[in-house]
Ligand SMILES: Cc1ncc(C[n+]2csc(CCOP(=O)(O)OP(=O)(O)O)c2C)c(N)n1
Ligand SMILES: Cc1ncc(C[n+]2csc(CCOP(=O)(O)OP(=O)(O)O)c2C)c(N)n1
Ligand SMILES: [Mg+2]
Ligand SMILES: [Mg+2]
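Chains as they are written, first to last, in this note's numbering: chain A, 252 to 1059; chain B, 252 to 1059.
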């Protein structure tokens, strides 16, 4: 048995909407629902002007209807308020799988046709609009970059609130309507992100209206939040700091009235919070009796208005409505007949005129121009993006005389520059950190601003600031998601994190990179600012923490994404870090990953040299090598990438110069990892001829690498000299121990590098047996020393570069 | 100014503890605190029998004191109840960085000395115990595998509750005391995991006592939960379904009394919940008026009992107590003097006897034998592990006549076997899924059990079951963490997930793999059951969803971990999947990643062949190739790994046989990806000679791979024939489209494979120009067909293997 929806009649219900407004609003909602069902099912006969035939139905029915009526309901009601109150608003569809909903709304609003001229707002356009959905060569099933007004695809669930809150920061006049799936709400990231309200300053930031779409189901299960007592749910949301307004039911008229009332209550609540806060000035806090942020709990049936029963099973109001309620509509006559009744139950003849355009009554309800959520430039952030004002990084560089004669904490030096960046861009640049800003030595930013904090402030709390430009919360997910939301809506920022724990957001990174890639192919989308990571407290210096904190593998994840999108930098010292970051903050539409040290470490390059070296991305350090000036080929290339590998490589080079003065040693440092890739595979890739010149075509190359060694092989396996490339890096040997013990555990230490040279340079081998043995013995001595003294061998700990060629 | 703690005197306070019990308990706590401070600072003079000198202090002070007093307080009070009530209990330190705490407790309990005979429970042992902590060659700073009683390292924050709840499942007599850091509570995974209580059946499972360690600070910031109103915090916890008992203060006597009372209330509450549920039988639910699960909120100062002020800054009760309160204790006389006063404030002379052993009064408070949390075998799960009863997978295999003549959904076939596994192991095997069990086609498990669900049950909810053996919750973090906890405590299970979204738990996987690696090196730890992933809904078949759901990169993450720990399998059909999974469920101490298809797909191998092929891991499919029977070398090798690449490869092989009958084509299928690695790098690695025999030393190899193509290069770059290896795989081209369009987008399709063969086999090239052009044209025709018809070209969609050599 398969049952069609009853002929739809809108009942009476009282509330803020007068009968006419109620009827009109309901019509808009019905139109959006009709257009959503049409997208899922129809390739032809869009207005049902003829009886529905099998060939009108798509051969593959792909999409998700269950969540759509809820999305459309919120959208329609938001529109009413946008018009009434002159709001600037955007829409976030947490259940982004309900793509047909936002698509439909954008089509009614006309944005769709403005952006895609082959999809006009008429019968022909509707036909194309339906046909293209989830169709090869058409548009994706989700709220993808192709969807007007979307800046949140919602494919991987959990990040809707973060994107919404990120958008609201520094956007005082913005309202973000954010629908959160009740299934989505089970994810960790979403569960944590309710607390993002503690970072919203109502004087400075816009507002988020979270709407928990409590349709009670996911794909195949009920949701937890639907199956705890209603009172417990509301308690939970209050505990998160919200005042929930509940809209529950399945009678459209009543739900419309309740939703209208709830929306008004929310907007009133927000207006009041903002009014009080703005009157008090940006420094006011919750101590001034701030009200809870309002939100909505929308308990309506999943697949609302779809066939209640299909093949004898309840569908409407259950998980079975998640995807395609009538899966056999093309092949099964009953399903098709019910589909037709279902479509007709929305009364399309009342909704679309002769030409297939929405009737005037619908059009009148659309907000105008950019006020349409599908057209708000905030959702196409590149349109609003302005360059940052960047102070000259050279003014913040450190003096370097003889390379290696001074020490600096690289990230600390960067922090001074970032402080100035923060100061110069007081409303468009934010720094995010999971309680690691100071730990990663960026604390100088706190000289010019505090940490944003809208909760209470305790006596001993430090540098908390209602207007702070640093967001610290112990959630890598929140840091990542808020920054994504902030960037997607046209601003700039960075995320600093411990290197190992950035894996926590691998999947969010993946999704953001995919968004960047896909949106670059959508003509009307404009490039946004790059997502900038600053990873520190890296694998080699986990003296306090040990094995759990050692994982340089984020680079491997990043390099799986499209080369056009990703960049990886491993600056070896303070000035190269500055130069790199200056470049990152100017770039667009990339993900830039920068790994840098925070411990005092030798400065190798002065400002000018750093600029040159970073521009090259990979280059010879003549002063560190030996014999290149003779004009003959080197005997061996010591390559390095990363702070610690560079240090060990230079120490090895110094040893070799002293002990094997005839050996011609070239030192190559790589800052821009993408240089290793073939030119054909990455825009930064070195041409083969250049690569061969740098690394030679046939000499052994000992490559000391910051991360997992096989990553370098993966990047270089097509290079001429790959067979001679020997890489050292982290191979999952670690614990709480000294810095030098760590490099020894992974055979990356200077002594082992010398051994590697001896083993690979044919002319050395047994000739250098004595030195080789000494190196092996020194390793043992170094290890024993740590066991006895708890610190590294003084000759290692106090080692400094002996001076450039020709010097001392 | 640096201020030492005041001379410690225990005040009066009333409560459940009589004065003597209070004094004794406090002494135990002081002893644990003393031993923790000693670990952080001292390498000598452990009992302070002489005045503290610089050389007694470690040169590097590494560790985290701030959280320790809280951990020790909970531990001491738990011990009281373990003795009083005869509990079997384990301890989870969410802030695992407080490793000195659990270490100290284990030493007082004697477990430390039993497991490490070089660390006896006397002065000499104490000296060694202090010395080794965070010391090169010693033990890590966290609650690592080396720590007796730990099964949760707590290095990466967020998973404490999940491990605790996972341990409690199917352990009806177990109590898990789980300390959650208030910083940790900000993480997404932790925020979501409070809801794990909805999966605890009090009749079947044990209980978790969450203790929120509200010391108000993280590394450098206050915590959110400490800076919302107390009432809001309690509201939040009630919303999560708990009844919070608050213990707050800084006067030890009063806190002890309050903690004792709170602990009793919790244990009483749990006992009552369990009594009622057990009386009602395992099927009772919350509808029978179940009480909320009790928990504790412990608001005590961070670094409690440490120097209040250091160098003029408040330390006790602030974030500055997080690591080492007196950082200069070795070099600065004042710091050292204050350190000595601090240590003496615990009155060690009362706590340890002449020999340095804990005094009798302390020893009497230790639970006995396995009742000590540091000795409970539950925390060393391998001790308790029993083999699964496994039905013969061959009985569940599908009949295969001519290869490719029948179709099955591989995971569905597996599901039938898993159903039987579930039935045969009713208390030691669980399946976890993020709402994807049925979507991944494992729903036949639901024929023998339901989904565990302890919340309300709605009219249309399906297969929910108070005693269900499947845990479904829309949180990959919860699935991962609960299963980890379940495995770490000696049981078995699997986690099925969409391939792309398994990246959500990359970091949890990393941590679990590290735990496995490190624990394998701890002699007294026993191997546990492997962590088994079943990834489906993979990159090639995201017909409904598109780009956001396409990411096969988890394999890249997994292969960064130690080869001894990780295994990756890509079974191409139903029987090979069965055979693989049988192997996985028998294995120990690995992480097994299996990627399999869920769509109807050709069966290639019968049960016997599947068993042989899986044992080989990689092998020639003679029936699919052509010319190998002649005894001469092939002209080309078509290699494949994974469901869809295998299909496309066989289709290419069939085309080649038909169109280029003279070409000798060898088809090699790889199930066990580790076979590609050199023998020296992985226990499954093929010896070079075998690899060369299989893949030839000099013929072109066209490798169709399931994942990112460079992964195969990374595994094989040292092989003889690597220069001739040409890999096709996913390269981030995707959208919502047809299955064949997807493979075409990534050049993995049969036609492109034929082109690759023509381009790489020297004898073909221009000879085969006609066929090449036809292939290119067919691709275009196939693409155009999808645009017109929305489905794949019939000759592709309906393609079947034309029959083995010599057949048909
Ligand atoms: C992180 C993640 N895990 C799993 C999925 C697969 N998935 C797609 S939709 C869905 C159910 C979503 O339920 P809900 O959030 O309630 O949305 P709605 O009911 O509104 O469709 C799931 C599990 C996903 N998209 N993302
Ligand atoms: C996921 C993760 N992010 C960041 C860190 C770095 N970190 C170590 S301890 C800590 C603060 C922990 O605070 P809390 O949980 O309150 O522990 P406690 O105050 O008891 O030490 C942080 C941020 C981490 N260990 N894990
Ligand atoms: Mg839902
Ligand atoms: Mg804390």
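From the three backbone atoms N, C-alpha and C, an ideal C-beta is built for every residue, glycine too.
Using a Cβ-Cβ cutoff of less than 7 Å, which residues in the same chain neighbour residue i once the five nearest sequence positions on both sides are dropped?
| i | result |
| --- | --- |
| residue 675/B | 640 and 642 |
| residue 252/A | 560 and 563 |
Going along the chain, which residues of its own chain have a beta-carbon closer than 8 Å to the beta-carbon of residue i, five neighbours each way excluded?
| i | result |
| --- | --- |
| residue 257/A | 596 |
Of all Cβ atoms in chain A, is any one closer than 8 Å to the Cβ of residue i?
| i | result |
| --- | --- |
| residue 690/B | yes |
| residue 569/B | yes |
| residue 393/B | yes |
| residue 849/B | no |
| residue 784/B | no |
| residue 804/B | yes |
| residue 550/B | no |
With distances taken between CB atoms, is the gap from residue i to residue j smaller than 8 Å?
| i | j | result |
| --- | --- | --- |
| residue 384/B | residue 290/B | yes |
| residue 651/A | residue 657/A | yes |
| residue 798/A | residue 391/B | yes |
| residue 1022/A | residue 1009/A | yes |
| residue 719/B | residue 702/B | yes |
| residue 602/A | residue 613/A | yes |
Please report the distance separating the alpha-carbon of residue i from that of residue j.
| i | j | result |
| --- | --- | --- |
| residue 808/B | residue 1029/A | 34 Å |
| residue 779/B | residue 742/B | 8 Å |
| residue 499/B | residue 550/B | 4 Å |
| residue 725/A | residue 321/B | 20 Å |
| residue 1027/B | residue 952/B | 20 Å |
| residue 479/B | residue 707/A | 6 Å |
Does any residue of chain B bring its CB to less than 8 Å from the CB of residue i?
| i | result |
| --- | --- |
| residue 799/A | yes |
| residue 931/A | no |
| residue 768/A | yes |
| residue 313/A | yes |
| residue 1057/A | Below a pLDDT of 50, predicted positions are generally treated as unreliable, and residue 1057/A, at 42, falls in that range; the measurement from the model is reported next regardless. No, its Cβ sits nowhere closer than 8 Å to a Cβ of chain B. |
| residue 983/A | yes |
| residue 950/A | no |
| residue 791/A | no |
| residue 671/A | no |
| residue 1047/A | no |
So, at 6 Å on beta carbons, what are the nonlocal neighbours of residue i in its own chain, with the 5 sequence-adjacent residues on each side left out?
| i | result |
| --- | --- |
| residue 402/A | 630 and 739 |
| residue 494/B | 543 and 545 |
| residue 341/B | 427, 624, 627, 629 and 630 |
Along the chain, which unbroken stretches of the beta strand (DSSP E) at least 3 residues long are found entirely within the stretch 644-732 of chain A? Complete beta strand (DSSP E) runs here, min 3: 658-660, 680-684 and 721-723.
Counting only runs that start and end within the stretch 289-342 of chain A, where is the beta strand (DSSP E) found for 3 or more residues in a row? Those beta strand (DSSP E) runs which fall completely within the stretch 289-342 of chain A and span 3+ residues do not exist here.
Ignoring anything shorter than 4 residues or poking outside the stretch 996-1044 of chain B, list the alpha helix (DSSP H) runs there in chain order. Within the stretch 996-1044 of chain B, complete alpha helix (DSSP H) segments of at least 4 residues are found at 1001-1011 and 1020-1040, given in chain order.
Mind listing, in chain order, the continuous beta strand (DSSP E) runs of no fewer than 3 residues lying wholly within the stretch 414-444 of chain B? The beta strand (DSSP E) runs of length 3 or more contained entirely in the stretch 414-444 of chain B are, from start to end of the chain, 425-432.
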